[in-house]
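2 protein chains.
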Amino acid sequence: MRANVNRYWVLRERPTGLVTPAHFDMRESPVREPADGEAVVRVRMLSIDPANRAWMFPSPTYKAPVAPGDTMHGFGVGEIVASRAQGLKVGDIVEGMVGWQDYAVLPVAELAKRDIKGSIEHAMGVLGVTGLTAYFGLVEIGRPKAGETLLVSAAAGAVGSIVAQIGRILGCRVVGIAGGPDKCAWLQRELGLDAAIDYRQGGLRKAVRSACSNGVDVYFDNTGGEALDAALFAMNERGRIVCCGNLSQYNADRPAPGPVGVPGLLVTKRLRMEGFVVLDYFDRREPAERQLKAWLDEGKLKSFETIVEGLENAPRALQQMFEGYNLGKLLVRL
Amino acid sequence: MRANVNRYWVLRERPTGLVTPAHFDMRESPVREPADGEAVVRVRMLSIDPANRAWMFPSPTYKAPVAPGDTMHGFGVGEIVASRAQGLKVGDIVEGMVGWQDYAVLPVAELAKRDIKGSIEHAMGVLGVTGLTAYFGLVEIGRPKAGETLLVSAAAGAVGSIVAQIGRILGCRVVGIAGGPDKCAWLQRELGLDAAIDYRQGGLRKAVRSACSNGVDVYFDNTGGEALDAALFAMNERGRIVCCGNLSQYNADRPAPGPVGVPGLLVTKRLRMEGFVVLDYFDRREPAERQLKAWLDEGKLKSFETIVEGLENAPRALQQMFEGYNLGKLLVRL
């Protein structure tokens, strides 16, 4: 292997509010040789997710936090360019926590081989972790029944846009919450949602009640905050709240108070509120991927990606995601 | 039937803070004759519960609210003294929402016949709705496994004291939260709890972490508020929070903000938080009662009641419950 140069983004300091490119430094160093059991991945595509910001909190989430001085963590797909790891050979496509860099040198246990038949974008979106998050969260935790009302926050985002479509496929009435009239129009036009609510208009409790006139049976929560508050008041008895993310709070200066309906409304309405992390479902990944692929092939499920070119633009892409830039999955192509 | 006089407590005005006797008026009127399908119940025992206060909120909970001018709602046990209802005869013991009064005239559908072999106190407590609430909430929603840590708030109260004991029977390490050193000593001495935390000492997050050194697997929440906040931070991955009541908030002037750990900690720790109302489990009441009775007969489960004498003292009893007066079940004997 030639001694390629690796460019990598280091977290300069923990953001206290909105994450911006000023919180990162780009550095360079030669790609190190893989040790026994390791492989070198040429990163091709990075997944930009709200969780990236949550990993910057000082306290651990479901994984260790990113500390100042660390290479920024990031999930991605790449190609093996050198290997001393059994089962991985040059040319193999793998995914894993490769980080925001051109080359990742990782032990084999941290890389999963992917057999990518279609586009790499799909493999990172609807047929990857994003699609599985939507699928398992909605199907296993939300357990929607045909005819029920499904409410989804951040419905124009990566996970939300898939959740909303699966809800339609399963026969639900689907209402999405998103930021701005353009996204709301897109949700109804492109995803076929029954109604869309622009949270920037305010008055979310009333808006949710009005758009969900039969109440909400399943709320898929990507945001926490005001959307969760409004959903709680609109939930029907025995409703389910799928806690997938807390997008509204990741860039908050200080922790916001929790929703006033907790725990009172959980008791009186017999609600179930449940968090999950998609990694826990990976032993059942294959059948779920097959189902998503089938829906995609049948044209029932559409995939939407917003692609930013160049590793150098990863920090800006992350900031822009929180500013509402992307429709569907946000990816950085290297 | 002689035209007996019925004394009944009417809600004078909705309390905005602590409920006191000043919120009620006692009135008298002759007992009316039962219509076809109705029976007259001589009320013998009233159950005084935190829920009584929640029913005074203007918005419905799991039942219609008590409005000013209404006879105060209350669950109780009594004896049929006149009947024009099929299946109910004079002398039968029944339970139902009899209200705070000497005599209730109710349709047969609102009364359930009870075959009370032991004490009426047990029938109102550990072998009644209270015991079933503890049983179904803990077993069906909390699903504790032997060796796990169970945390219970209001652990010296009616439901909490039974939950704590069932937790011990099922092989859990049980930690209780209660108000004051006397109750905490009682929890360890009489209920055999592994540890007890006096929430009045403050610093509840630290106290819970310290008493639950292996983290909390199941939290049975009778209170909401600070106890729920502290529990969320101490929960282990895949922990379960049983939402049974919101005692800390029933007398609040205004709604308190919700717990800051919701929804963030629910996601990262994959927690399930679920509310319930025991009425939903009444179709499986019998086997649960048999189990509770067996534990009681074997001496594994103890029943604790605090009994206040006289209908005239019902409002004061309710106030005192919120001031921490009772150990175990609080009852008013007529």
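In order, the protein sequence lines correspond to chains A and B.
In terms of our numbering, the first sequence opens at residue 6 and continues consecutively.
In terms of our numbering, the second sequence opens at residue 6 and continues consecutively.
All C-beta atoms, glycine included, are put in the ideal place defined by N, C-alpha and C.
Just so you know, these numbers come straight off a predicted model, no measurement behind them.
| Item | Value |
| --- | --- |
| Paired residues, beta bridge with K94 (chain B) - DSSP | Looking at the DSSP assignment, K94 (chain B) forms no beta bridge with any residue, so it has no partner. |
| Cross-strand partners of L335 (chain B) (DSSP beta bridge) | B:I53, B:T311 |
| Cβ contact check for the region 192-210 of chain A and the region 133-148 of chain A: 3 or more pairs under 8 angstroms | no |
| Rounded C-alpha distance that separates S218 (chain A) from A236 (chain A) | 12 angstroms |
| CB of W105 (chain A) within 8 angstroms of CB of G123 (chain A), strictly | no |
| 7 angstroms Cβ shell around V71 (chain B) - same chain, five flanking residues per side excluded | L16, W60, M61, M77, H78 |
| Contact with chain B by C248 (chain A), beta-carbon distance below 8 angstroms | yes |
| Within-8 angstroms CB hit, F281 (chain A) to chain B | yes |
| V45 (chain B) versus D75 (chain B): straight-line alpha-carbon distance, rounded | 19 angstroms |
| Interface partners of D54 (chain A) on chain B, CB under 8 angstroms | Within 8 angstroms Cβ-Cβ: nothing; D54 (chain A) doesn't reach chain B, min ~13 angstroms. |
| Contact with chain A by Q170 (chain B), beta-carbon distance below 8 angstroms | no |
| Cutoff 8 angstroms: P264 (chain A) Cβ touching any chain B Cβ | yes |
| Euclidean distance between Cα positions of A117 (chain A) and V337 (chain A) | 20 angstroms |
| Per-residue contacts from K188 (chain B) into chain A (C-beta, under 8 angstroms) | Under the 8 angstroms cutoff, chain A gives no residues; its nearest Cβ is about 22 angstroms from K188 (chain B). |
| Sequence-distant residues of its chain with Cβ nearer than 7 angstroms to V164 (chain A) (five each side left out) | T135, T138, A139, N227, C249 |
| Where W191 (chain A) sits in the DSSP three-state scheme | helix |
| C-beta contact flag for D1 (chain B) and V223 (chain B) at 8 angstroms | In the structure as shown, chain B starts at 6 and stops at 339, and residue 1 (chain B) therefore has no counterpart that could be examined. |
| Coarse secondary structure for M240 (chain B), derived from DSSP in three states | strand |
| Proximity below 8 angstroms, CB of P73 (chain A) to CB of E126 (chain A) | no |
| Beta-carbon contacts of L284 (chain B) that lie in its chain and below 8 angstroms, excluding the five residues immediately before and after | Y67 |
| Backbone secondary structure at E43 (chain B) - three-state DSSP | strand |
| Whole-Å CB distance - A161 (chain B) paired with L332 (chain B), under 8 angstroms assumed | 6 angstroms |
| DSSP beta-bridge partners of Y108 (chain A) | A:R47 |
| A322 (chain B) vs I85 (chain B) beta-carbon contact at 8 angstroms | no |
| Chain B contact for M6 (chain A) (CB, 8 angstroms cutoff) | Residue placement at M6 (chain A) cannot be trusted, given a pLDDT of 46 that sits under 50; the coordinates are not used to answer. |
| The region 146-159 of chain A / the region 169-187 of chain A touching (three or more Cβ pairs under 8 angstroms) | yes |
| Secondary structure of L196 (chain A), DSSP reduced to three states | coil |
| Interface positions of the region 226-245 of chain A facing chain B (Cβ-Cβ less than 7 angstroms), listed along the chain | D226, G229, L233 |
| Residues that L271 (chain B) contacts on chain A, provided the C-beta gap is smaller than 8 angstroms | C248, M278, E279, G280 |
| Where the alpha helix (DSSP H) containing L270 (chain B) begins and where it ends | 269-273 |
| Residue of A:V131, A:L23, A:N57 minimising C-alpha distance to R290 (chain A) | A:V131 |
| Nearest residue (CA-CA) to V36 (chain A), options A:N11, A:D234, A:P186, A:I312 | A:N11 |
| Alpha helix (DSSP H) runs contained entirely in the region 149-237 of chain A, provided each spans 4 or more residues | 163-174, 186-195, 209-216 |
| Best match in B:V265, B:A239, B:L271, B:R210 for proximity to I246 (chain A) [C-alpha to C-alpha] | B:L271 |
| Candidates B:V99, B:A69, B:L143, B:T25: closest to G280 (chain B) by CA position | B:L143 |
| Same chain only: Cβ atoms within 6 angstroms of D41 (chain B), ignoring 5 sequence neighbours per side | R89 |
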